[in-house]
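Peer 1:
2 protein chains.
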Amino acid sequence: MMNKVELSSKQRELIERLGVSHEKSGIPPAPSRILGLLMVSPELALSFDSIRETLNLSKSATSNALNMLLTMNRIEYITQPGDRKRYFKNRLVSWREEAKTAFERITQVSAILEEVLENRTKETPEFNENLREAISFMRFMNQHLPELYLEWEKSKD
Amino acid sequence: MMNKVELSSKQRELIERLGVSHEKSGIPPAPSRILGLLMVSPELALSFDSIRETLNLSKSATSNALNMLLTMNRIEYITQPGDRKRYFKNRLVSWREEAKTAFERITQVSAILEEVLENRTKETPEFNENLREAISFMRFMNQHLPELYLEWEKSKD
DNA sequence: TTTTTGGTTCTCAAAGAAAAGAACCAATAA
DNA sequence: TTATTGGTTCTTTTCTTTGAGAACCAAAAA
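As you go down the protein sequences, you meet chains A and B in turn.
For the first sequence, my numbering assigns the number 48 to the initial residue and increments by one for each residue that follows.
For the second sequence, my numbering assigns the number 48 to the initial residue and increments by one for each residue that follows.
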């Protein structure tokens, strides 16, 4: 039953740093470590048990974390004929979608701020002007980020 | 001692929505509401007690939240001659700095990912290529976001 | 039919985050 | 000198998050 993935101390360190980085963006510790492991591991597709044993997690923690990551679309799993196990992989492809989501957050915030602006007293022109400027910046970003993305696509060839 | 700020239900709603939005970016509930209040309130500079009473917070919660926001540079306070009270205001100016911080996060992440890439096995060329691409995208963004900012500045006149 | 595998779900304990309330304190006012 | 103001700090409580462990369960294997 030795399902553990063998990792160098450098690899373990990177997993932790990736973990912390994910925690910063709001993902809980266990799922964060799993994402890290699935980024660093030489083997791309890992079974429930090898994840569990490599990271010293309980079954419940592993199960919940994997399901959360599946729901978030951050990982996926593959299966093999004649093997009931699922093998989980980092869905690295999803970074484009993530970027998009991050950009959409800007839209949401600027929408709220516009509503705030509409409802503000006219007695505070300077503040309102500042607010207007922030909104304008966000709108501008939103308009031009897609173009920037296309530019990057082109720059690749 | 009626220090409460008078707010319409629309204004209260906006404060809550701004609050939730701030919570999403990692700021705790009380400070989040205070930021919302200081964004919506017709009066720009509010005293400790009017914040406390308007948001129904305890003294300790108010004190801690205000100090956290001061440390984060999200608010500032002004004083008036012959008045010991401090009047707190939203430091709306700081959105540029915040944007910069957000951009810097991209740099940090791409730095970790590069290190991961250097330490990956060569046996997984497709995965590695994807990773390389994600890194390239982040680097590109980082290079061009400052230009985009300048463009926006110009577009204002 | 019974056992094993590959998990899931439930219950509980531990730890941490938030906030309340009271005690406290320095500076000003009386 | 004493009282008040404008907070800060400490202690306690409450709520939430996280994860462990055990019970559970469906599908497949024996």
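All C-beta atoms in this analysis are idealised placements derived from N, C-alpha and C, irrespective of residue type, glycine included.
Can you confirm whether PRO75 (chain B), when its beta carbon is compared against all beta carbons of chain A, has any partner nearer than 7 Å?
Peer 2: No, its Cβ sits nowhere closer than 7 Å to a Cβ of chain A.
Peer 1: Considering GLU100 (chain B), what are the terminal residues of the alpha helix (DSSP H) in which it resides?
Peer 2: Its alpha helix (DSSP H) spans residues 95 to 102.
Peer 1: Beta strand (DSSP E) containing THR126 (chain A): first to last residue?
Peer 2: 122 to 127 is the extent of the beta strand (DSSP E) around THR126 (chain A).
Peer 1: Starting from ASN137 (chain B), trace the beta strand (DSSP E) both ways and give me its first and last residue.
Peer 2: Where ASN137 (chain B) is concerned, the enclosing beta strand (DSSP E) stretches over 130 to 137.
Peer 1: When DSSP labels each residue in this structure, what does ASN111 (chain B) get in the three-state scheme?
Peer 2: It is helical.
Peer 1: Residues in its own chain within less than 6 Å of ASN189 (chain A) by CB, not counting five upstream and five downstream?
Peer 2: Closer than 6 Å at Cβ, skipping near neighbours: ILE153, THR154.
Peer 1: Taking only beta-carbon atoms, is ILE159 (chain B) less than 7 Å away from chain A?
Peer 2: So yes, ILE159 (chain B) belongs to the interface.
Peer 1: Return helix, strand or coil for VAL52 (chain A), following the three-state DSSP convention.
Peer 2: Coil.
Peer 1: Would you kindly work out how many angstroms separate the C-alpha atoms of SER94 (chain B) and LEU54 (chain B), rounded to a whole number?
Peer 2: Answer to the nearest angstrom: the Cα atoms are 16 Å apart.
Peer 1: Output the distance between the C-alpha atoms of GLU145 (chain B) and ASN137 (chain A), rounded to the nearest integer angstrom.
Peer 2: Cα-Cα distance, rounded: 30 Å.
Peer 1: Grouping DSSP H, G and I as helix and E and B as strand, with all else coil, what is GLU180 (chain B)?
Peer 2: Helix at GLU180 (chain B).
Peer 1: Less than 6 Å separating the Cβ of LYS132 (chain A) from some heavy atom of the ligand ZN?
Peer 2: The ligand content of the structure shown is nil, which means the ligand ZN is not present either.
Peer 1: Do SER97 (chain B) and VAL52 (chain B) have their C-beta atoms closer together than 7 Å?
Peer 2: Yes, the Cβ-Cβ distance between SER97 (chain B) and VAL52 (chain B) is below 7 Å.
Peer 1: Cα separation between SER88 (chain B) and ASN175 (chain B)?
Peer 2: Roughly 51 Å separates the two Cα atoms.
Peer 1: Between which two residues does the alpha helix (DSSP H) carrying LEU164 (chain A) extend?
Peer 2: 142 to 165 is the extent of the alpha helix (DSSP H) around LEU164 (chain A).
Peer 1: DSSP state of GLY73 (chain A), grouped into three classes?
Peer 2: Three-state result, GLY73 (chain A): coil.
Peer 1: Is the segment 119 to 128 of chain A touching the segment 179 to 194 of chain A in the sense that three or more CB pairs, one from each, lie closer than 8 Å?
Peer 2: Output reads no: the segment 119 to 128 of chain A does not touch the segment 179 to 194 of chain A.
Peer 1: Can you find a CB in chain A that lies within less than 7 Å of the CB of VAL52 (chain B)?
Peer 2: Judged by the 7 Å Cβ criterion, VAL52 (chain B) is not in contact with chain A.
Peer 1: Quick one, which of A:THR101, A:PRO128, A:GLN127, A:TYR134 has its alpha-carbon nearest ASN114 (chain A)'s?
Peer 2: It is A:TYR134.
Peer 1: If the cut is a Cβ gap below 8 Å, which residues of chain B does GLN58 (chain A) touch?
Peer 2: By Cβ distance, chain B contributes ASN166.
Peer 1: Find the nearest neighbour of LYS71 (chain B) within the set A:SER183, A:VAL156, A:PHE184, judged by alpha-carbon distance.
Peer 2: Nearest of A:SER183, A:VAL156, A:PHE184 to LYS71 (chain B), Cα basis: A:VAL156.
Peer 1: Looking only at C-alpha atoms, which of A:LYS132, A:PHE184, A:LEU102, A:ALA112 sits nearest to GLU161 (chain A)?
Peer 2: Considering only alpha carbons, the answer is A:PHE184.
Peer 1: As a quick exercise: from A:THR101, A:LYS169, A:LYS147, pick the residue whose alpha carbon is nearest that of MET49 (chain A).
Peer 2: Closest by alpha carbon: A:THR101.
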